[in-house]
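Peer 1: This structure is in structure tokens; I'll ask about it shortly.
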Amino acid sequence: MQALRSKARELLATKTVQVIIGYARGGGGRARAVFVREAAKADALVFDDSCQQNLAVYLSKPEVRKLGKAALVATPAALRAILQLAAENQIAEGELLALAVGADDVVPLTTFAAIEAHVAARDGDWSAAEKEELHKYEAMGLEERRRFWEEQFSRCLKCYACRAACPLCYCTRCTVECNQPQWIPVPAHDLGNLEWNVMRAMHLAGRCVDCGDCGRACPVNIPLHLLNRRLIREVFTVFGSRSGRSAKGDNALSTFKPNDPEDFIQ
Amino acid sequence: MNSMEKDTRLIGREALAKLFAQWLGEGRRILAPRRNGDKVDFAEVETPGEVSLDPVQTGQSPKGALFPRVEELFSFPSRDGRVELRERDLAALKPTVVFGLRPCDAAALAALAAIFNWDSADALFSARLAALTTVGVACNRCDEYCFCTSLGGGPGATTGSDILLTDMGGGEYLAEVISEKGRQAIQGAGTLFQPALGKDKESRLARVEKAFDLDKVKPALEALFDDEAFWVEQSLRCLGCGACAYVCPTCACFDIQDENGRRLRCWDSCGFGLFTLHTSGHNPRPLQSQRWRQRLMHKFAYMPERQSVLGCVGCGRCSRACPVDMNILEHLRAVAEAKP
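Residue numbers (our numbering), protein chains in the order written: chain P, -1 to 264; chain B, 14 to 353.
See below:
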């Protein structure tokens, strides 16, 4: 934590960046995002297990962008989000630097190539518990799965916290806001909730960086990450690719290639 | 008993179960905090055993009993080019007891009613309210997000409750019968109660410290309205979701949607980018900082001015639910202490 604070002080004092997007102590044992703009305030920064929010979500917020060049305190998921945002042309090389915080050091990553190398060197698989959870879900029959999601989505309030918390949900006009025609029913009834959540999962297929913030943000605890993980597994099985590993655009589901093996697309 | 005297009695847990049975027998449904996994929220129950009063607050407010997240206002089926207008059958709304709501939630009913019955009475809301009886439970615990006392409420406040229970320990509740609806809800159940014998709830109540001076908030908000830097600073980490509005017991903004010949009223939130977006494409509040300002202004300046009631009761749900730890109490303190 001291290494992080002194690096933050240095970056601000030398005007290398204008803002450190990091974590500070929040309420109820939680950590919260903080936007440090003065070296003297760098001591507000913390980093521990409570720092889970994917701060890359703020890279597309207009008020945050206006603060200037940022150094982003990055969890592994935030690093993946940065790469995916770069791959989708949402951020450009040199616009920010990432601070990867280790046990007692902090590694500034100033280029996308450096972030790619950092991510590749530490890329891991899901934990045993996470695999078990996904396995249990996949073991359900189709009918059982339908009932499972019907029950889960029956609680959905359509507050869109999942969308707001997602670093890859940066569309300035989401499909649910296109109302001529209304593609997705607005009401939080069974059909509206099913269409919203399935549409969102499909839009993130091959793009989701698996930070889990959608599920963490949900005020009614819908395990949305299960949908995303199922699709991550599917995309990896079919296309051999995982999002958030490269800053070069090659999304499995939204890249057209003239030599695509499927003839329906040609 | 002198009719002016407070009607205070005692009721035990077993007698409470009989009271639940009486309400069900009278055709009422009972909504109460019920555990579902990690969350406790208002749901239909039949016995006190299903009720969970452990958490300081439920995740969601009980406002859905009066203002469901989706409700049909009327329908207009068409056949052979003719449109028929079908009103809702208000008499068919089931009489409801909301049991176990906290004094802050009970106080919130006045704020909801002030909005829905502001210029003209909302028929559906009013019918639901008329069919609603509130049996509150005083708070014997609070947490860092509670601030009812800063807004004139309190952990044992009776406003909005038809009956208020206070857990006196040992399976015994002090029951204060507040209103005519409360009296009706225990009609014929006199034998279930014992005399209160001078028992007092005060020692059982949570201590909720005053956190700011409410008198300073409205003038400060008005003075800060154009202070863009203040609002940007206050809302930098806000992501613009509707979680705060949707768990709020007083947020009453709604959106109207027509769907298959039905006109639906759906919850809406001032946090959304589409909220008040004009047909021309102009948005009076294009930035999140302006939407956050609107949230505070509406609750603490516009509603007191127009409806003579605060749009907040200090339940703290928005702060607990916020995915990025926006804490309304901190923001109100910042407003009250700001030097514009």
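Yeah, the Cβ is synthetic: ideal placement off N, Cα and C, and Gly gets one too. Nothing here was measured: the structure is a model prediction, and the numbers come from that model.
If you draw a straight line from the C-alpha of W131/B to the C-alpha of V236/P, how long is it?
Peer 2: Locating residue 131/B in the second sequence gives position 118, where the first residue counts as 1. Locating residue 236/P in the first sequence gives position 238, where the first residue counts as 1. If you take the alpha carbons of W131/B and V236/P, they lie about 58 Å apart.
Peer 1: Are there 16 or more other CB atoms within 10 angstroms of the CB of P61/B, so buried, or fewer, so exposed?
Peer 2: Counting from one through the second sequence, the residue named residue 61/B turns up at place 48. With 16 or more Cβ atoms within 10 Å of its Cβ, P61/B is classed as buried.
Peer 1: Check for me: the alpha helix (DSSP H) holding F138/B runs from which residue to which?
Peer 2: Within the second sequence, the letter at position 125 stands for residue 138/B. Its alpha helix (DSSP H) spans residues A136 to A143.
Peer 1: Looking only at its own chain, which residues have a Cβ that is under 7 Å from the Cβ of A203/P, when we skip the five neighbours before and after it?
Peer 2: One-based indexing of the first sequence puts residue 203/P at position 205. Closer than 7 Å at Cβ, skipping near neighbours: L229, V233 and L251.
Peer 1: Could you pull out every residue in the same chain whose Cβ sits closer than 6 Å to the Cβ of T21/B, ignoring the five residues on either side in sequence?
Peer 2: Position 8 of the second sequence, counted from the start, is the residue given in the question as residue 21/B. These residues qualify, in order along the chain: E189 and A209.
Peer 1: Return the Cβ separation of V15/P and K67/P in integer angstroms, given the expectation that the two are a contact with Cβ distance under 8 Å.
Peer 2: As a first step, residue 15/P is located in the first sequence; it is residue number 17 there, counting from the start. As a first step, residue 67/P is located in the first sequence; it is residue number 69 there, counting from the start. Yes, they are in contact, since the Cβ atoms of V15/P and K67/P sit about 5 Å apart, within 8 Å.
Peer 1: Give me the Cβ distance between L10/P and V104/P, rounded to the nearest whole Å; I'm assuming they're in contact under 8 Å.
Peer 2: As a working note, residue 10/P is residue 12 in the first sequence. As a working note, residue 104/P is residue 106 in the first sequence. With 8 Å as the limit, L10/P and V104/P do not qualify as a contact, their Cβ atoms being about 14 Å apart.
Peer 1: Whole angstroms is fine: what's the gap from M14/B's alpha carbon to Q207/B's?
Peer 2: In the second sequence, the residue the question calls residue 14/B occupies position 1. In the second sequence, the residue the question calls residue 207/B occupies position 194. With a pLDDT of 41 at M14/B, under the threshold of 50, the modelled position of that residue is not reliable, and no figure is offered here.
Peer 1: Return the bridge partner residues of P232/B from the DSSP annotation.
Peer 2: Looking up residue 232/B in the second sequence gives position 219. Answer is none; P232/B lacks a bridge partner.
Peer 1: If you scan the stretch 231 to 264 of chain B from start to end, which runs of the alpha helix (DSSP H) of 4 or more residues do you find wholly inside it?
Peer 2: Qualifying alpha helix (DSSP H) stretches, in chain order: 241 to 248 and 256 to 260.
Peer 1: What do you get for I269/B, buried or exposed, if any count of 16 or more other CB atoms within 10 angstroms of its CB means buried?
Peer 2: Position 256 of the second sequence, counting from 1, holds the residue named residue 269/B. Exposed, because fewer than 16 other Cβ atoms sit within 10 Å of the Cβ of I269/B.
Peer 1: Based on the DSSP secondary-structure assignment, which residues constitute the bridge partners of T146/B?
Peer 2: Counting from 1 along the second sequence, the entry for residue 146/B is found at position 133. Bridge partners of T146/B: V110/B.
Peer 1: Checking 9 Å against the spacing of the C-beta atoms, do G255/B and G286/B come in under that value?
Peer 2: The residue labelled residue 255/B in the question sits at position 242 within the second sequence. The residue labelled residue 286/B in the question sits at position 273 within the second sequence. No, the Cβ-Cβ distance between G255/B and G286/B is not below 9 Å.
Peer 1: Say yes only if the C-beta of A256/B is nearer than 8 Å to one or more non-hydrogen atoms of the ligand SAM, and no if none qualify.
Peer 2: Looking at this structure, you won't find the ligand SAM or any other ligand, since it has none at all.
Peer 1: Under a CB-based cut-off of 9 Å, is F243/B close to chain P?
Peer 2: What you label residue 243/B is simply residue 230 of the second sequence in a count that begins at 1. Not closer than 9 Å to any Cβ of chain P, the Cβ of F243/B fails to qualify, so no.
Peer 1: If you measure beta-carbon to beta-carbon, which residues of the stretch 42 to 72 of chain P are closer than 9 Å to chain B?
Peer 2: Hits within the stretch, in order: Q51, V55, Y56, K59, P60, E61, V62, K64 and L65.
Peer 1: Let me make sure I understand the geometry here. Which of Y21/P, N226/P and T109/P has the alpha-carbon closest to that of E131/P?
Peer 2: For the purposes of this step, residue 131/P is taken as residue 133 along the first sequence, with counting starting at 1. When only C-alpha atoms are compared, the closest one is N226/P.
Peer 1: Using a Cβ cut-off of 9 Å, pull out every chain P residue sitting near L37/B, in sequence order please.
Peer 2: What you label residue 37/B is simply residue 24 of the second sequence in a count that begins at 1. Chain P residues near L37/B: none, gap ~24 Å exceeds 9 Å.
Peer 1: Between M17/B and V53/B, what straight-line distance do the alpha-carbon atoms span, to the nearest angstrom?
Peer 2: For the purposes of this step, residue 17/B is identified with residue 4 of the second sequence, where counting begins at 1. For the purposes of this step, residue 53/B is identified with residue 40 of the second sequence, where counting begins at 1. With a pLDDT of only 46 at M17/B, under 50, the local geometry of the prediction cannot be trusted, and the value read off the model is given with reservation. About 38 Å.
Peer 1: Checking the sheet assignment: what are the DSSP bridge partners for W280/B?
Peer 2: By 1-based counting over the second sequence, the position of residue 280/B is 267. Answer by DSSP bridge pairing, in chain order: F267/B.
Peer 1: For V348/B, which of helix, strand or coil comes out of DSSP?
Peer 2: Numbered from its first residue, the second sequence carries residue 348/B at position 335. Correct three-state label for V348/B: helix.
Peer 1: Could you tell me whether any Cβ in chain P is nearer than 9 Å to the Cβ of M14/B?
Peer 2: As a working mapping, residue 14/B is identified with position 1 in the second sequence. Reliability fails at M14/B, whose pLDDT of 41 lies under 50, so the model's placement of it is uncertain and the value that follows must be treated cautiously. It does not: the Cβ of M14/B has no partner Cβ on chain P nearer than 9 Å.
Peer 1: If you follow the beta strand (DSSP E) that V326/B is in, where does it begin and where does it stop?
Peer 2: The count along the second sequence starts at 1 and reaches residue 326/B at position 313. No beta strand (DSSP E) contains V326/B, which DSSP labels as neither H nor E.
Peer 1: Quick check: what's the CA-CA separation for K76/B versus L44/B?
Peer 2: For the purposes of this step, residue 76/B is identified with residue 63 of the second sequence, where counting begins at 1. For the purposes of this step, residue 44/B is identified with residue 31 of the second sequence, where counting begins at 1. Approximately 11 Å, taken between the alpha carbons.
Peer 1: Counting only Cβ-Cβ distances shorter than 9 Å, please list the residues of the stretch 205 to 221 of chain P near chain B, keeping chain order.
Peer 2: Of all residues in the stretch 205 to 221 of chain P, D211, R214, A215, C216, P217, V218 and N219 have a Cβ within less than 9 Å of some Cβ in chain B.
Peer 1: Measure the alpha-carbon distance for H187/P versus R35/P and round it to whole angstroms.
Peer 2: Within the first sequence, residue 187/P is the residue found at index 189, counting from 1. Within the first sequence, residue 35/P is the residue found at index 37, counting from 1. Approximately 44 Å, taken between the alpha carbons.
Peer 1: Let me make sure I understand the geometry here. Which of I128/B, C257/B and R154/B has the alpha-carbon closest to that of S321/B?
Peer 2: The residue you call residue 321/B lines up with position 308 of the second sequence. Comparing Cα positions, the closest option is I128/B.
Peer 1: Kindly indicate which three-state DSSP category Y135/P falls into: helix, strand or coil?
Peer 2: In the first sequence, residue 135/P corresponds to position 137, counting from 1. In this structure, Y135/P counts as helix in the three-state DSSP scheme.
Peer 1: Under 8 Å by Cβ, that's how I've got P317/B and K231/B pegged, so tell me the actual separation to the nearest angstrom.
Peer 2: Your numbering for residue 317/B matches position 304 in the second sequence. Your numbering for residue 231/B matches position 218 in the second sequence. Right, their Cβ atoms sit about 6 Å apart.
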